[in-house]
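Structure record follows, encoded as structure tokens.
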Amino acid sequence: MNRKQRRATAKGTRSRGEANAPRNAADDVVAKAIKAAQLGVFADAEAALDEVLARFPDHVEALHQKGMLMARTGQVEAGIPLLRRATAAKPGEALYWNNLAAACLTIEWSEEALGAARKAVEIDPAYAMAWRNLAMAQTDLGRHRDACDALEKASALAPKDAEIWGRLGLARLALDDVARAEVAFARAVALEPANVSWLGNLGALLVKGGRVQEALPHLERAVALAPDNFAAALHCGIASTLAGDHAKGLRWLRRATSIQPRSDAAWAALADAAAAAGDQAEALDAARRAAEFAPADPAHRTRLQRLQPGGAGPDPAHRTRLQRLQPGGAATQDGLIDLVIGNVSLSQVDKPRADEPQGIDLSRSLDRIFIG
Numbered sequence: 199m200n201r202k203q204r205r206a207t208a209k210g211t212r213s214r215g216e217a218n219a220p221r222n223a224a225d226d227v228v229a230k231a232i233k234a235a236q237l238g239v240f241a242d243a244e245a246a247l248d249e250v251l252a253r254f255p256d257h258v259e260a261l262h263q264k265g266m267l268m269a270r271t272g273q274v275e276a277g278i279p280l281l282r283r284a285t286a287a288k289p290g291e292a293l294y295w296n297n298l299a300a301a302c303l304t305i306e307w308s309e310e311a312l313g314a315a316r317k318a319v320e321i322d323p324a325y326a327m328a329w330r331n332l333a334m335a336q337t338d339l340g341r342h343r344d345a346c347d348a349l350e351k352a353s354a355l356a357p358k359d360a361e362i363w364g365r366l367g368l369a370r371l372a373l374d375d376v377a378r379a380e381v382a383f384a385r386a387v388a389l390e391p392a393n394v395s396w397l398g399n400l401g402a403l404l405v406k407g408g409r410v411q412e413a414l415p416h417l418e419r420a421v422a423l424a425p426d427n428f429a430a431a432l433h434c435g436i437a438s439t440l441a442g443d444h445a446k447g448l449r450w451l452r453r454a455t456s457i458q459p460r461s462d463a464a465w466a467a468l469a470d471a472a473a474a475a476g477d478q479a480e481a482l483d484a485a486r487r488a489a490e491f492a493p494a495d496p497a498h499r500t501r502l503q504r505l506q507p508g509g510a511g512p513d514p515a516h517r518t519r520l521q522r523l524q525p526g527g528a529a530t531q532d533g534l535i536d537l538v539i540g541n542v543s544l545s546q547v548d549k550p551r552a553d554e555p556q557g558i559d560l561s562r563s564l565d566r567i568f569i570g
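Under the numbering used here, read the sequence shown as residues 199 to 570, first letter to last.
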């Protein structure tokens, strides 16, 4: 190469570098926005991303980060179109599809979430969070077998993720696979012992299997951690009553009715617990409220008739059940199908979604900034 050719090459290289300089600077601004969002300084993050998008409307990572930021700050519907644009611009990026799925799940756009999560795992079959989001969409759509399969894959990929094990427990329970649901919930509790949802699920499942004494420590820990959690209070009250601790059972069932005063299930449980404790006045009042809030339920009407003056009194089946489950009783697995107080089924305590989308992947963001 002669001197003239070298000069022309150098000039071309400088020109390309100068042309790319604004884009590289934009990438730096996006990186700063990501760090601001990680620190919870959302206003600074939004301002930085808006600055980039004003100059480069198709900057893929800025679109992705702005969509995630809006989803995380309660503007999910406004953020989803930005996430869609990111997936359209870079369809081979599993991270973008996963975060679109997570945003859609937050507002129960389950079909779109299903498609986005499925795309994410097709691109990256080792992406545990995407498998979890796929399972959540399948659960929302009633496809429990598919959800269970997806969570089995996720748990193999991320065996120390308590959320995956807890949701696998729910999926197995939906398929009546009670023994394996218990294993999954126990694994979730071992990994995250302060998680009220998994403690409550495991405790409720143990009660349903007639193992009240094993259940109580989990349920008591759940209500200690979250005394305002309705399901935890309800199940702890039921388990305490079954274990013969009427005072504690009544305390937590009263708490449950104060948290959700229109829950017929809580009032029904309180009615039967009060009757078991010999407080006929409270039992009758609670039975009336259960019947008031669910007048079409025949079990509530029957309970009310039995507890009214001149009625037959508390259902002897309830007393027999209590006796069988108390220490030294003859509790067996034959109570699994209908081990209840009154008409209150001890089913899973589903984990409520937090305000911030739970399946958004923040861990992969920093190494995805440099978009050409």
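We treat Cβ as the ideally placed atom computed from N, Cα and C, and that holds for glycine.
Boundaries of the alpha helix (DSSP H) harbouring PRO415: 410-423, taken from the DSSP string.
Annotation for ILE278: the continuous alpha helix (DSSP H) segment containing it runs 274-287.
For ALA454, the uninterrupted alpha helix (DSSP H) segment begins and ends at 444-457. The straight-line gap separating the alpha-carbon atoms of SER395 and ASP347 is approximately 22 Å.
The three-state reading of DSSP puts ILE436 in helix, counting H, G and I together.
Following the DSSP letters along the chain, one finds ILE321 inside the alpha helix (DSSP H) bounded by residues 308-321. Within the model, the alpha-carbon separation for LEU368 versus ASP375 is close to 10 Å. Around the C-beta of SER456, fewer than 16 other C-beta atoms lie within 10 Å, and the residue is accordingly described as exposed. Take the alpha-carbon of LEU482 and the one of ALA488: they are about 10 Å apart. Beta-carbon to beta-carbon, LEU349 and ALA379 are separated by about 11 Å, too far to satisfy the 8 Å threshold. Burial check for LYS264: the Cβ neighbour count within 10 Å reaches 16 or more, so the residue is buried. Counting the other CB atoms within 10 Å of its CB gives ALA437 a total of 16 or more, which places it among the buried residues. For ASN399, the enclosing alpha helix (DSSP H) covers residues 394-406. The C-beta distance from ALA234 to ALA224 rounds to 15 Å, too long to fall under 8 Å, and the pair is not in contact. Around the C-beta of GLN236, fewer than 16 other C-beta atoms lie within 10 Å, and the residue is accordingly described as exposed.
In this structure, the straight-line span from the alpha carbon of GLY340 to that of ALA333 is close to 10 Å.
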